[in-house]
Structure formats: C-alpha cells, structure tokens
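Residue numbers (the working numbering), protein chains in the order written: chain A, 202 to 423; chain B, 202 to 423.
2 protein chains.
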Amino acid sequence: MSSSTSLRKRSSASERSRTNDPDRTKADILAVATEEFAAYGLSGARVDAIAERTRTSKRMIYYYFGGKDGLYLAVLEKAYADIRAIESALELDLLDPVEALRRVIDQTFENDDSHTDFVRLVTIENINQGKHLAEASSIREINLRIIQIIEAILERGRASGLFRSDLEPVDVHMMISAFCFFRVANRHTFGAIHRVDLSEPGRRQKHKQMIADAVIGLLQQK
Amino acid sequence: MSSSTSLRKRSSASERSRTNDPDRTKADILAVATEEFAAYGLSGARVDAIAERTRTSKRMIYYYFGGKDGLYLAVLEKAYADIRAIESALELDLLDPVEALRRVIDQTFENDDSHTDFVRLVTIENINQGKHLAEASSIREINLRIIQIIEAILERGRASGLFRSDLEPVDVHMMISAFCFFRVANRHTFGAIHRVDLSEPGRRQKHKQMIADAVIGLLQQK
DNA sequence: CATTGAATGTACGGGTTCGTCCATTATGTA
DNA sequence: TACATAATGGACGAACCCGTACATTCAATG
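Have a look at this one:
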C-alpha cells in the first residue's frame, strides 16, 4: 500500500513536479465557486465540493479567500463587475432618446437572460439580506454607471418634450430591472404554476417588446 | 444536579401533565417553520432551531411532516394558499375594466409588500429550481384564479374597444407580479447599491402609481 | 375501567462539513 | 548557490445537524 505511494516519485512524465500559478489557481477556484454558489446558495454550497472540482485543493481556498464567506464575496463582486462592464460599453449619444432607451432595455434584457448565474447570485444575496454586498464598496461604484446612462437619456428626452419629468432615473432603472430580472429569477415557480416556458424564444421576444413598450409608453404619458 | 431533576415531578401547578392537541401542535410548528425557512432558506434553516422555538419537540416535526423537506413543502403550500385567498376575494364585476385592473394591481402590490415571508419563500423555491413546488398540485389550482380574474377584465376591456387584444392574461399577470415582487425580493441589494429605501412610504406610493400607469398604458396602446 | 392507538418527550448515533495543522515544493533574490 | 518567502498538498479534528430508537403519557371506545 504505502510502498506504491513511495514508488511514484517523479517517475512518469505526466506526474511532473507541480507548477506554481497563483493567478490561474485563483481564477479556477472562482469559476468553480461561481457555479456552486449559484446552484446551491450560500448555505447550500459545499466547500469540499468546490475543492473537488478544482485543479487544486481545499487548502488553497482558505489560503486565497480566507474561507467560505470570503470566497462568496469574491464571487459576487466578480459577477457584478462582469455584467456592468457590458452595460458600460453602450454608445448611445448619437441616438434619439426613445431609441437609446430601447437599446438600454434590450441590453438589460439580454444580460439577465443570458447570465443566469448572475441573477441567481443576486437573488441569493437578497435572501442573505444583502449583508455581504454591504461590505463590497466596489459594487456600488460599478452600478452608478447605469444610472448615469439612463439619466442622460431622460434629460435629452425631456429637453425635446418627449418624456415626462417626474420620474427619477433610479425608478426607471428599477422598472426595467424588475421585468427583466423576474423573468429569469422566478422562471421555475412561475413556469410550473402557469405552465409556460419563459425561456422559449417566442415568448422571450414578446416579453422584450412588452417591457420596452411599457416603459417608453410610461415616460411619454403626460 | 440530577437529583433536582427527579424532584420536579408534577410538583407545581404550572408543570401540569401534558395535553394532547394535534392541531395546535401542527399549526405551531408551521408558524415557526415559516419564519425559519423564510429567514435562512431551505438549506440554511435548522430543524433543531425550529424545534427549540416550538411549544413541542423535534420529534413532532418528524411525526407530522416526515422531515425537513416535508415541513418545507407544507410551509410553501400554506404560504401560497394564504396569499391567493386574499386575491380571490376581489369583487370586480361592477367596475369598468380600467378601474378593475387598477384594483388588481393595487391588491398584488399590497400583498407582496406586506407579506415579506411569502416573497422570500417563493424566492427560495426558485433557488431550489421549483422542485418541491412541482410536487404540490394544490398550488397550481390556487393560482389559476388570478389568471381568470385578469382574463375577465381583459375581455371586457376589449369588448368596449379600450384594450388591445394581443396580450395574454398570463403575460399581463407576469408584468404586474414582476414589478411588485422585485420591489420586495430585491430590496436589499437594490437598496444598498442605489442608496434608496424601497419600503419608504413616499417611494412606495410612487411605485404603485408607476406600475399601474405602465400596465394600463400598455394595454391601451394601439 | 381496561385497552389500544395516537401523541409526545428524551437521548443519541452516524454522517457531514468547515476550517486548520504540519509538511513539502516552487520561485524570486542576494 | 543559498536562502527566504510564496504556494501547495494531505490528513485530521471538532462542531454541527438530521433523523431515529426507545420510552411514556393521553384520550377515545367498548
């Protein structure tokens, strides 16, 4: 038993001596952890399960992230950063306000729809009463961008008399987010109860149209 | 130490012999469990913690509900039943379609806003991929009612030429739910990021007006 | 009032899960 | 090359947590 262990010592080429690669190790852990936390929640996720699917060992999780909570926070920060990076890339200055707003809504819709992990992580953090997010100041900064974008659009829309002026950017953002987020976050219960598949392409398109029409229509009401 | 234990044997009047009351025991467990599951989620909830806060012992949880999962399912069913019972009581036949719809939206808004536990339980069940809800056929039946109510309103609205006819009741319901639900479910993350208190009365009223105007406006678009 | 099943309480065991201790190897630097 | 520090692995322990075996009491019924 133990003799066989002592035998394999740099014997085959495949069992090469280890290579230190901190960045890759961290990124690897983070990727696996994102899946695990998104799938099972904070309390449901298992540190051992994450470690197993990793190229490295559990020891590294504690070495780099301090523990389960630290890892969870890192996952959450990265998820927000990735999503908002996409939104920030929007170039809307040349479009008329209605078209620009439609573009923002389209972007949010597609983001939530294609980043299920992000939606689930945010949901989980809300179950956790946002306690971890409160410590992550970086997340707040990242999100100010989307508000600025909407604010600029509203400004231009008001200037040309298209939009009403009693709605704040943050409220408009909430409305858009609510629709796009709910479709993904509550997919399971809503789908099971009403026997509809919210991810089906046809309904997907319909909903995107609905949301845009509703928000834009609201802003144009006098 | 142990002598004192043997001493208290039907000594004081307050330590009366036990009284069997199955209904009360079940209801008691259910109430405590609702709080625990809503607070910590399915995997985060602790059976021992529930038992401790109960008038009875852990043994009774397994006696009446089979186990943690059975208890969770019972909690979920009761939560849905309670909410939809309120909605079903609406009397809308005499109102004009727009007013009736406004009444439905108002009801949904108030329900989600005042039943935080319900919102959290639904959220948790979605994190759990709706696997438990799929087994609870009762929940589906209960929810058909709200769709029927909306359908009737849409019918009348179309008949008098007020509403467009290309929106299904279930989509309208989703739109209403999405907004009302998100306000409560994502209160923590959204509030922390944008520094707004979504439960503050002023914003609450504003949001109620917004969602009603948006949905009704959408239905009136040609 | 005797009996029987329903209802309840206590104590505990087996498995799981987080975090850490100790040892070892890699890599940059003097 | 020697050394210091960073990076990694394996194994283990202590706490936690779910579920159950066993014992006991209540209440309905003949």
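Cβ atoms here follow ideal geometry from the backbone N, Cα and C, with glycine treated the same way.
Predicted, not measured: the structure shown is a model, and the values here were computed from it.
- Using beta-carbon distances, B:Tyr-273 does not count as an interface residue toward chain A, since no partner is under 9 Å.
- For B:Phe-383, the secondary structure class from DSSP, reduced to helix, strand or coil, is helix.
- Distances from the CA of A:Lys-409 to each of A:Tyr-264, A:Gly-358, A:Ser-378, A:Phe-391 were compared; the closest alpha carbon is that of A:Ser-378.
- Taking the Cα positions, A:Ile-340 is about 13 Å away from A:Glu-326.
- Scanning A:Met-376, A:Arg-405, A:Met-375 for the CA closest to the CA of A:Arg-388 turns up A:Arg-405.
- Closest in alpha carbon position to B:Gly-392, among A:Glu-369, A:Met-375, A:Asp-318, A:Glu-311, is A:Met-375.
- In the structure shown, A:Phe-310 falls within a helical segment according to DSSP collapsed to helix, strand and coil.
- DSSP, read as helix, strand or coil, puts B:Thr-235 in helix.
- The criterion of a C-beta distance shorter than 9 Å is not satisfied by A:Asp-294 and A:Val-385.
- Around the beta carbon of A:Thr-220, fewer than 16 other beta carbons sit within 10 angstroms, so the residue counts as exposed.
- By the neighbour-count definition (other C-beta atoms within 10 Å, threshold 16), A:Ala-280 is a buried residue.
- When Cβ pairs closer than 8 Å are counted between the two stretches, the region 360–369 of chain B is seen not to touch the region 342–349 of chain A, the count staying below three.
- In the three-state reduction of the DSSP assignment, B:Asn-221 falls in the coil class.
- DSSP places B:Thr-324 in the uninterrupted alpha helix (DSSP H) bounded by 317–328.
- Taken in chain order, the whole alpha helix (DSSP H) runs of length 4 or more contained in the region 259–316 of chain B are 259–266, 269–289, 298–315.
- In the DSSP annotation of this structure, A:Lys-332 is not part of any alpha helix (DSSP H), being labelled neither H nor E.
- Only those residues of the region 379–413 of chain B whose C-beta falls short of 9 Å from the nearest C-beta of chain A are listed: Ala-379, Phe-380, Cys-381, Phe-382, Phe-383, Arg-384, Ala-386, Asn-387, Arg-388, His-389, Thr-390, Phe-391, Gly-392, Ala-393, Ile-394, His-395, Arg-396, Val-397, Leu-399, Arg-404, Lys-407, His-408, Met-411, Ile-412.
- At least one CB of chain A lies nearer than 9 Å to the CB of B:Asp-372.
- In the displayed model, B:Glu-356 falls within a helix according to three-state DSSP.
- If you compare the alpha carbons of A:Leu-355, A:Gly-331, A:Ala-286 with that of A:Thr-309, the shortest gap goes to A:Ala-286.
- Judged by pairs of C-beta atoms under 8 Å, the region 351–361 of chain B does not touch the region 262–277 of chain B, as fewer than three such pairs exist.
- Arg-321, Val-323, Thr-324, Ile-325, Glu-326, Asn-327, Ile-328, Gln-330, Gly-331, Leu-334, Ala-335: these are the residues of the region 309–339 of chain B whose beta carbon lies less than 7 Å from some beta carbon of chain A, given in chain order.
- Shown here, A:Val-397 sits in coil according to DSSP, grouped into three states, outside any helix or strand.
- Taken residue by residue, none of the region 257–268 of chain B has a beta-carbon sitting less than 9 Å from a beta-carbon on chain A.
- Taking C-beta atoms under 8 Å as the contact rule, B:Ile-348 and B:Val-371 qualify, at a distance of about 6 Å.
- Counting only residues of its own chain and dropping the five nearest sequence neighbours on each side, B:Asp-398 has a CB closer than 8 Å to the CB of Gly-392, Arg-404.
- In chain order, Leu-274 place their CB closer than 8 Å to the CB of B:Glu-336, counting only its own chain and leaving out the 5 sequence neighbours on each side.
- Secondary structure note for A:Lys-407: its alpha helix (DSSP H) is the uninterrupted segment 402–421.
- Our two residues, B:Asp-249 and B:Gly-271, have alpha carbons roughly 15 Å apart in a direct line.
- For B:Arg-341, the nearest beta carbon of chain A is closer than 9 Å to its own beta carbon.
- Secondary structure note for B:Asp-249: its alpha helix (DSSP H) is the uninterrupted segment 248–253.
- DSSP places B:Ser-244 within a helical segment (H, G or I) once states are collapsed to three.
- Scanning B:Ser-338, B:Met-261, B:Ile-306 for the CA closest to the CA of B:Asp-222 turns up B:Met-261.
- For the pair B:Ile-417 and B:Val-299, the CB atoms are nearer than the 9 Å cut-off.
- For B:Ala-250, the nearest beta carbon of chain A is not closer than 9 Å to its own beta carbon.
- When the five nearest sequence neighbours on each side are left out, the beta carbons in the same chain lying within less than 8 Å of the beta carbon of A:Asp-318 are those of Thr-235, Glu-236, Ala-239, Ala-280, in order along the chain.
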